[in-house]
Amino acid sequence: MDCRIIKSPSEGTMAILNRRKGSGIRDKIENVDAVGLVQGRLIEMVVASDIAEKAVGVTVEDIRGSCPQNMIMLAVFGDTASVTSAIEEIKKQWDNPEW
Numbered sequence: 001m002d003c004r005i006i007k008s009p010s011e012g013t014m015a016i017l018n019r020r021k022g023s024g025i026r027d028k029i030e031n032v033d034a035v036g037l038v039q040g041r042l043i044e045m046v047v048a049s050d051i052a053e054k055a056v057g058v059t060v061e062d063i064r065g066s067c068p069q070n071m072i073m074l075a076v077f078g079d080t081a082s083v084t085s086a087i088e089e090i091k092k093q094w095d096n097p098e099w
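UniProt numbering applies: residue 1 is where the sequence shown begins, and numbers increase by one.
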């Protein structure tokens, strides 16, 4: 699993993410302070989405793409502190699974 945070995403970056998000372009996500990107296998991304949404008030969207390794990407949208906290919680629980 790979994670990155984009602070103050540019208009172009948000346009790319809005076009590629699973819920479609009609429900645009705008005015966010940060975007966390998490990439991994499908099972990892479902668990990561659950962790992020339960940890703090963020919006999680799947990001469509074409990857020959069948990797999936999530975008975690919100204010910088919330996105950072969500990504840290994902990493923490992934490093120390309780299952």
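In this text, a Cβ means the ideal position worked out from N, Cα and C, and glycines have one as well.
Everything numeric in this text was worked out from a predicted model, so none of it was measured.
Close Cβ partners of residue i (< 8 Å) along its chain, the five nearest in sequence each way excluded
i, result
"G22", "E61, D62, I63, R64"
"residue 100", "With the chain covering 1 to 99 only, the question about residue 100 has no answer from this structure."
Segment limits, alpha helix (DSSP H) that includes residue i
i, result
"E89", "80-95"
"K54", "42-55"
"E11", "11-20"
Same chain only: Cβ atoms within 7 Å of residue i, ignoring 5 sequence neighbours per side
i, result
"A86", "G36, A52, A55, V56, V58, V76"
Of the residues the options, the one placed nearest residue i, counting alpha carbons only
i, options, result
"I25", "N31, M14, A34, D33", "M14"
"E30", "M71, D50, E11", "E11"
The beta strand (DSSP E) enclosing residue i, as first and last residue numbers
i, result
"D62", "59-63"
"I29", "Looking at the DSSP string, I29 is not in any beta strand (DSSP E), and its letter there is neither H nor E."
Close Cβ partners of residue i (< 6 Å) along its chain, the five nearest in sequence each way excluded
i, result
"N96", "none"
"C3", "V38, I87"
Evaluate the contact criterion for the segment 84-98 versus the segment 48-68: three or more CB pairs, one atom per stretch, below 8 Å. yes
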